[in-house]
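Here the protein sequences come in this chain order: A and B.
Heads up, the first sequence is in the working numbering, so the first residue is 2 and it goes up one at a time.
Heads up, the second sequence is in the working numbering, so the first residue is 52 and it goes up one at a time.
Below is one structure; the comments refer to it alone.
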Amino acid sequence: QQKVQQSPESLTVSEGAMASLNCTFSDGTSNNFRWYRQHSAKGLEVLVSIFSDGEKEEGRFTAHLNRANLHVSLHIREPQPSDSAVYLCAVSSGGNYKPTFGKGTSLVVHP
Amino acid sequence: EAAVTQSPRSKVAVTGGKVTLSCHQTNNHDYMYWYRQDTGHGLRLIHYSYVADSTEKGDIPDGYKASRPSQENFSLILELASLSQTAVYFCASSEDRGRGNTLYFGEGSRLIVV
């Protein structure tokens, strides 16, 4: 069964500094990766999807995928206090329509 | 814009009672999901469905039933609610894009079982 682990559990950065979040997965056949954001007491919204090694940018959010290392990361450029939220990594493979989520990284951005 | 609405948004239930959580989507998506979120466990899949009148077990289906009477509606049923089912429940929908799928979530239903 797929295992998805995120680190760090919590992260505090200053406004404008780069924020980097990590996600490792166990199934080497995985090929669908998404980062979601969850503001307090709200549903999740997708930030970026990536399907092949390399990077994918969506505005200030950039995902990096290295399938050989079973690792995908999210980098947030110039984070703002409104980016304070929990960030979740979701991993699935092929025709598997049941993504497995990590436990999340809680990000706090100080003004 | 994608829209998934859940009801109720919050509920207090008595141990042993029946609870029904409802989900309605206007996205015209085939796939619908029920997840629960707990501190320390993240999001875990309870049941999902890819077509009306059919449901599938997720990773933690014990103690839960699901019903998909139409493409738009997907319910989660707790026949005998227990304390361990206190959690926040999220419904989501997605379309079959053939390359994995982006899930569109509702805002969650907070259930407290006492």
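Where is the CB? At the ideal position from N, CA and C, for every residue including glycine.
Nothing here was measured: the structure is a model prediction, and the numbers come from that model.
In its own chain, which residues sit with a C-beta less than 7 angstroms from the C-beta of residue i, not counting the 5 before and 5 after it?
i: residue 28 of chain A; result: 3, 94
i: residue 134 of chain B; result: 66, 164
i: residue 9 of chain A; result: 106
i: residue 138 of chain B; result: 87, 88, 89, 162
i: residue 110 of chain A; result: 14, 16, 80, 81, 82, 84, 85
i: residue 105 of chain B; result: 119
Going by C-alpha distance, which of the options is nearest residue i?
i: residue 90 of chain B; options: A/87, A/72, A/13; result: A/87
i: residue 78 of chain B; options: B/112, B/108, B/157; result: B/157
i: residue 160 of chain B; options: B/71, B/92, B/67; result: B/71
i: residue 108 of chain B; options: B/92, B/127, B/120, B/93; result: B/127
i: residue 52 of chain A; options: A/108, A/35, A/107; result: A/35
i: residue 54 of chain A; options: A/48, A/17, A/63; result: A/63
For residue i, which residues of its own chain have a beta-carbon under 6 angstroms away from its beta-carbon, when the five flanking residues on both sides are left out?
i: residue 102 of chain A; result: 89, 91
i: residue 26 of chain A; result: 5, 71, 92
i: residue 154 of chain B; result: 143, 145
i: residue 96 of chain B; result: 86, 109, 110
i: residue 22 of chain A; result: 75, 88, 106
Please check the pair residue i and residue j, which I expect to be a contact at CB under 8 angstroms, by giving their CB distance rounded to whole angstroms.
i: residue 103 of chain B; j: residue 76 of chain B; result: Residue 103 of chain B to residue 76 of chain B, Cβ: 12 angstroms. No contact.
i: residue 144 of chain B; j: residue 55 of chain B; result: 5 angstroms
i: residue 98 of chain B; j: residue 120 of chain B; result: At roughly 14 angstroms, the Cβ-Cβ gap does not stay under 8 angstroms, so residue 98 of chain B and residue 120 of chain B are not in contact.
i: residue 108 of chain A; j: residue 45 of chain A; result: That pair is no contact at about 14 angstroms.
i: residue 83 of chain A; j: residue 24 of chain A; result: 22 angstroms between Cβ atoms; not a contact.
i: residue 62 of chain B; j: residue 129 of chain B; result: That belief does not hold up - the Cβ atoms of residue 62 of chain B and residue 129 of chain B are roughly 10 angstroms apart, past 8 angstroms.
i: residue 104 of chain A; j: residue 39 of chain A; result: Not confirmed; about 12 angstroms, so no contact.
i: residue 59 of chain A; j: residue 66 of chain A; result: Wrong, their Cβ atoms sit about 14 angstroms apart, outside the cutoff.
Where DSSP assigns a beta bridge to residue i, which residues make up the other side?
i: residue 39 of chain A; result: A/45, A/87
i: residue 83 of chain B; result: B/100, B/144
i: residue 88 of chain B; result: B/94, B/139
i: residue 155 of chain B; result: B/144
i: residue 110 of chain A; result: A/14
i: residue 78 of chain B; result: For residue 78 of chain B, which the question treats as bridged, DSSP gives no partner whatsoever.
i: residue 73 of chain B; result: B/58, B/126
i: residue 74 of chain A; result: A/23, A/65
Which same chain residues, not among the five before or five after residue i, have their C-beta less than 8 angstroms away from its C-beta?
i: residue 94 of chain B; result: 86, 87, 88, 141
Relative to chain B, which residues along the stretch 30-54 of chain A have a C-beta separation below 9 angstroms, given in chain order?
Listed in chain order, the positions of the stretch 30-54 of chain A with a beta carbon within less than 9 angstroms of a beta carbon of chain B are 32, 33, 34, 35, 37, 39, 42, 43, 44, 45, 46, 47, 50, 52.
Under 7 angstroms (Cβ pairs) to chain A, residues found in the stretch 124-142 of chain B:
Against chain A - using a Cβ distance shorter than 7 angstroms - the residues of the stretch 124-142 of chain B are 141.
For the stretch 2-24 of chain A, which residues have a CB atom closer than 7 angstroms to at least one CB atom of chain B, in sequence order?
Along the stretch 2-24 of chain A, there is no position whose C-beta sits under 7 angstroms from a C-beta of chain B.
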